[in-house]
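Chains Y and V are the protein sequences, given in the same order.
Be aware that the first sequence starts at 211, since it is given in my numbering, and climbs by one per residue.
Be aware that the second sequence starts at 19, since it is given in my numbering, and climbs by one per residue.
Accompanying notes for the structure given below.
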Amino acid sequence: MRQSLLAAAVSVVLLSGCSELPDLPPLPDPVAIGDTTAVQTPTPGTTTLSPDGFRTTERVAVRVRNVGCGGVSTGSGFAVSEDVLVTNRHVVAGAETMQVSTYDGQDLLVETAGSAIVADLAIVRTRSALPAAVTLAEADPEPGDPIEVVGYPGGERLTSSTGTVLRYEADPLDANAEQIIVTDAPAVPGSSGSPMYDESGQVVGVVYAATEDATRSLAVPVSTLRTLLDQTSFDDGVPPCD
Amino acid sequence: MTQRRPNDDTEPPYETRALENLEREVDVSLRRADDAIAGRGVRRRGPRWLPITAVLLGLLLIAAAALATYLWRTTDEWMAESDRLEPVATELAAERDSLSGELDQAQRDLAATEEQLREAQDRITTLANEKAQTADEREVARLVAGDVVGVANQLEVCVRGQDQLITALEDIEAFDPASVSAFARDVSDACAQALEGSEEIKRQLGIE
């Protein structure tokens, strides 16, 4: 009995040592050594940058020069399509000559201008192609929403300012039949016609005035702008001087 | 030997039972003595768990030996695999260091390019603004030039009217005094307009 047990044990040992070993498990993934820096790869088609690095919200902003009414005045505007831009009615009022230039200094040929009756808004058609066009938001902004205004305040260089929607109220200037937006984004003469963007870069309003201390800007909501753009006909020609 | 009959229900007496026990012990002693005479040893039976434990320990020993052999072979395989992978790991580490250096350089280049882009954008915006301001001034100058032309025309009217008025005054008797007075007022108005226009131009040009 003892002899048989010993023989079995030796056989098991020898057989286990000579038998085929199972495959080794795969190596674990390499472990990062030291600091590594995550590199963000831009996704094609999602960037809003142009080849020159300007944002779309900047590229659509145009500077409007009104030569008429005995002087030269400036305002802002923005492209809503390849050859249509939006600005304020009072920006183009009385213009004998209207000149439009882009963020990079290109001068555009202006064809016609039409104005709306319901609000201080105007449509200007250009013969030159505009560099880019904005996307209009589906709904008006809510109080508390952050906004950004891009334009040419004081007729100076292209500038961006941020703020928050404060409230809606009746137009103190009686230029708009609908309620207007009051924001705490600063605005000065020359800011009129500037697009007001939400966080996603969609237009939610058009700046048309500022408070006397320039600490509040007043804007026409995008719903009114949509109403204007949906119109099939406008008052041809520029409105008279104020 | 005392035998009990089948139908005998009475208990045998104590002496009988003792005698029977004694007889059985004698029989056992005799069998053991016979066995000893026949050379067969008397075996005492040990505890029953002892062989089972021995078998289990034997199996455990076999399993441990098998495991040790397997681990020994596995260790050899791993050592061989480690020797094979070590130069690969070294090469990969060197490649990683190289790529890390290239990445750092690329990031520095990217940061420099982004800075250049920002400067270029700022320059573009500045130049666009300067161009717009120049165009504004050009348009203002064009308006002023138009006003200057208007003032020049008014001055021409003024001067020509004054010449005619001087000529009329030199031969005043040949003219109707009322007409001369009215003409003089028209000339004065024209000169006043020219003077007003001139002052407006000076104001626009910032000339005191």
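The beta-carbon is built from N, C-alpha and C at its ideal position, and this holds for glycine as well.
Measuring CA to CA, which of Y:Ala424, Y:Val448, Y:Pro431 and Y:Asp262 is closest to Glu379 of chain Y?
Among Y:Ala424, Y:Val448, Y:Pro431 and Y:Asp262, the Cα nearest to that of Glu379 of chain Y is on Y:Pro431.
Note to self: Quick check on Ile225 of chain V - is its C-beta less than 8 angstroms from some C-beta in chain Y?
What the structure shows: Ile225 of chain V has a beta carbon lying at 8 angstroms or more from every beta carbon in chain Y.
*asked:* Looking at chain V, is there any beta carbon in it that lies within less than 8 angstroms of the beta carbon of Ser311 of chain Y?
replied: With 8 angstroms as the cut-off, Ser311 of chain Y counts as an interface residue toward chain V.
Contact list for the region 366-379 of chain Y against chain V, Cβ threshold 7 angstroms | Hits within the stretch, in order: Glu366, Arg367 and Leu368.
With a Cβ-Cβ cutoff of 8 angstroms, do Pro403 of chain Y and Val416 of chain Y count as a contact?
Position check: residue 403 of chain Y holds Gly in this sequence, whereas Pro was assumed. Yes.
(Q) Output needed for Asp381 of chain Y: all residues of its chain with C-beta closer than 6 angstroms, excluding positions within five of it in sequence on either side, in chain order. (A) Closer than 6 angstroms at the Cβ level, and outside the excluded window around Asp381 of chain Y, lie Ile390.
Excluding five sequence neighbours on each side, which residues of the same chain lie with their C-beta closer than 8 angstroms to the C-beta of Cys228 of chain Y? With a pLDDT of 49 at Cys228 of chain Y, under the threshold of 50, the predicted position of this residue should be treated as unreliable, though the coordinate-derived value follows. Nothing listed; no residue qualifies.
- Compare the C-beta of Leu123 of chain V against all C-beta atoms of chain Y and say whether one is closer than 8 angstroms. The sequence shown places Gln at residue 123 of chain V, rather than the Leu named in the question. No, Gln123 of chain V does not count as interfacial toward chain Y.
Worksheet item: Are the region 113-126 of chain V and the region 278-287 of chain Y touching, with three or more C-beta to C-beta distances below 8 angstroms?
Response: Taking 8 angstroms as the limit for Cβ pairs, the verdict is that the region 278-287 of chain Y does not touch the region 113-126 of chain V.
Contacts of Thr144 of chain V in chain Y (Cβ-Cβ under 7 angstroms):
Under the 7 angstroms cutoff, chain Y gives Arg367.
Legend entry - Own chain partners of Gln172 of chain V with C-beta closer than 7 angstroms, once the 5 adjacent residues on each side are dropped: For Gln172 of chain V, same chain residues with a beta-carbon under 7 angstroms away, outside a window of 5 residues either side, are Ala208, Gln211, Ala212 and Gly215 in chain order.
Just to make sure I have the definition right: I need the residues of chain Y whose C-beta is within less than 9 angstroms of the C-beta of Asn171 of chain V. Which are they? Within chain Y, no C-beta atom comes less than 9 angstroms from the C-beta of Asn171 of chain V; the nearest is roughly 18 angstroms away.
Check: Looking only at its own chain, which residues have a Cβ that is under 6 angstroms from the Cβ of Ala385 of chain Y, when we skip the five neighbours before and after it?
Finding: Hits under 6 angstroms: Asp330.
- Item | Proximal residues to Met211 of chain Y (C-beta, below 6 angstroms), its chain only, five neighbours per side dropped | Because the pLDDT of Met211 of chain Y is 49, which lies under 50, any placement of that residue in the model is unreliable, and the number read from its coordinates should be weighed accordingly. Contacts found: none.
**Message:** Please confirm whether Lys220 of chain V has its beta-carbon closer than 8 angstroms to some beta-carbon of chain Y.
**Reply:** By this cut-off, Lys220 of chain V is not an interface position.
- Measure the C-alpha to C-alpha separation of Phe288 of chain Y and Met406 of chain Y and round it to an integer number of angstroms. Straight across, the Cα-Cα distance linking Phe288 of chain Y with Met406 of chain Y is about 10 angstroms.
* Listing by chain order, which chain V residues have their CB less than 9 angstroms from the CB of Asp314 of chain Y? -> The contacting residues are Ile142, Thr143, Leu145 and Ala146.
If you draw a straight line from the alpha carbon of Asn147 of chain V to that of Glu366 of chain Y, how long is it in whole angstroms?
Distance between the alpha carbons of Asn147 of chain V and Glu366 of chain Y is about 6 angstroms.
Query raised in the report: Closer than 8 angstroms, Cβ to any Cβ of chain V: which residues of the region 268-299 of chain Y, in chain order?
Result: Residues of the region 268-299 of chain Y whose Cβ lies closer than 8 angstroms to any Cβ of chain V, in chain order: Arg273, Arg275, Val277, Gly280, Gly281, Val282 and Thr284.
Check your understanding: Does any C-beta atom of chain Y lie closer than 8 angstroms to the C-beta of Ala153 of chain V?
Key -> True, the Cβ-Cβ gap to chain Y drops below 8 angstroms.
Problem - Three-way DSSP call (helix, strand, coil) for Thr374 of chain Y in this model - result: The DSSP-derived three-state label of Thr374 of chain Y is strand.
| Leu435 of chain Y burial status per 10 Å Cβ neighbour count (16 or more: buried) | Leu435 of chain Y comes out buried.
Residues in the same chain with beta-carbon distance under 6 angstroms from Thr369 of chain Y, minus the five sequence neighbours each way, listed in chain order, please. Beyond the five residues adjoining it in sequence on each side, Thr369 of chain Y comes within less than 6 angstroms, by CB distance, of Pro363 in the same chain, given in chain order.
Interface residues of chain Y facing Gln139 of chain V [CB-CB closer than 8 angstroms]
Within 8 angstroms of the CB of Gln139 of chain V, the CB atoms of chain Y belong to Asp262, Gly263 and Phe264, in sequence order along the chain.
ask   = Taking DSSP as the reference, what is the three-state secondary structure of Leu346 of chain Y?
value = Reduced to three states, the DSSP call for Leu346 of chain Y is strand.
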